[in-house]
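In the numbering used here, the protein residues as written are 14 to 73. All C-beta atoms, glycine included, are put in the ideal place defined by N, C-alpha and C.
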Amino acid sequence: MKPKKNILGLFLTLVWYYFVIFIANKYLKGLNTISYFTITIVMLLVGDTILERLVPNKNK
14 MKPKKNILGL
24 FLTLVWYYFV
34 IFIANKYLKG
44 LNTISYFTIT
54 IVMLLVGDTI
64 LERLVPNKNK
């Protein structure tokens, strides 16, 4: 993997994570640990799918 893709993925994941946590704390009045774990796993899967669409893979 190229460093740019790793940094972009890390940045997008962190922004997405804090956005969802902000929405959850504002509207849902907090979540428990299992909910945070589930949200994190879903965000990582969605972020990986978005990165596959944005960054072309030159190894194919």
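- Secondary structure of V33 (DSSP, three-state): helix.
- Taking C-beta atoms under 8 Å as the contact rule, L21 and L64 qualify, at a distance of about 7 Å.
- The beta-carbon separation of I52 and V33, rounded to 6 Å, stays under the 8 Å limit for a contact.
- Closest option to V55, judged by alpha-carbon separation, among F24, L23, Y30: Y30.
- For V59, the enclosing alpha helix (DSSP H) has its first and last residue at 46-67.
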